[in-house]
Each structure stands twice: as C-alpha cells, then as structure tokens.
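Notes follow the structure.
In structure tokens form, the structure reads like this:
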C-alpha cells in the first residue's frame with residue numbers, strides 16, 4: 045500500500061473509533077451514525093455503511109440530533125438533513 049493510501053486508511057480507522065466512542069456514550073446520536081456510515085462507505089464497506097446510516101436516520105426521525113439556537117433557521121454546513129435517496 046502506498047503511503048497516501050495508508051495514511052487515509054489510518055485516518056478512517058481513527059474516525060471509526062471516534063464515532064464508536066460517541067455512539068457508546070449516546071447510543072441514539074443520529075449524526076454519529078451518519079458520519080460513521082459515510083466513513084464506512086469511503087472504506088468500501090458500502091452495505092455496512094448504509095445499514096449504519098439507516099439506523100441513524102431512524103434515530104433522527106425521533107429527534108435524536110444536535111439542537112442549537114436557530115438551527116431550524118440556519119442550515120449549518122455540518123447539519124445532517126437526512127434527505128438522501130440512498131438511505132432508505
């Protein structure tokens with residue numbers, strides 16, 4: 045494996061560990077599931093990533109997300125909006 049690919053793989057592994065820690069602390073945190081699913085997709089684990097994202101979408105529908113002042117009115121760049129066709 046070439047160095048850039050190795051560094052990217054290590055970054056994804058660290059990211060997955062961080063998402064797992066977040067989910068362990070707050071089991072219904074939809075945003076963590078969303079980004080974990082994206083990370084798994086980048087790693088070529090597409091089906092697993094979609095399953096994780098489906099779980100996150102279900103938690104989001106129940107209101108488990110970050111709520112900040114004016115978050116309804118201001119679409120922050122990091123907000124998960126759950127409008128993708130792939131996550132069904």
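Numbering (this note's numbering), first residue to last: 45 to 132.
In this text, a Cβ means the ideal position worked out from N, Cα and C, and glycines have one as well.
Subject >> Own chain partners of residue 106 with C-beta closer than 6 Å, once the 5 adjacent residues on each side are dropped >> reply: none
Subject >> Three-state secondary structure (DSSP) of residue 90 >> reply: helix
Subject >> Exposure of residue 76, with buried meaning 16 or more beta-carbon neighbours within 10 Å >> reply: buried
Subject >> For residue 104, the nearest candidate out of 53, 63, 73, 52 (CA to CA) >> reply: Cα-wise, what sits closest to residue 104 is 73.
**OP:** Put residue 67 into one of helix, strand or coil per three-state DSSP.
**Re:** Three-state DSSP puts residue 67 in a helix.
Original post:
When DSSP labels each residue in this structure, what does residue 136 get in the three-state scheme?
Top reply: Since the first and last residues shown for the chain are 45 and 132, residue 136 lies out of range.
Original post:
By Cβ distance below 7 Å, which residues in the same chain neighbour residue 55 in space, the five residues on each side in sequence not counted?
Top reply: Residues of the same chain with a CB within less than 7 Å of the CB of residue 55, apart from the 5 flanking positions on each side, do not exist.
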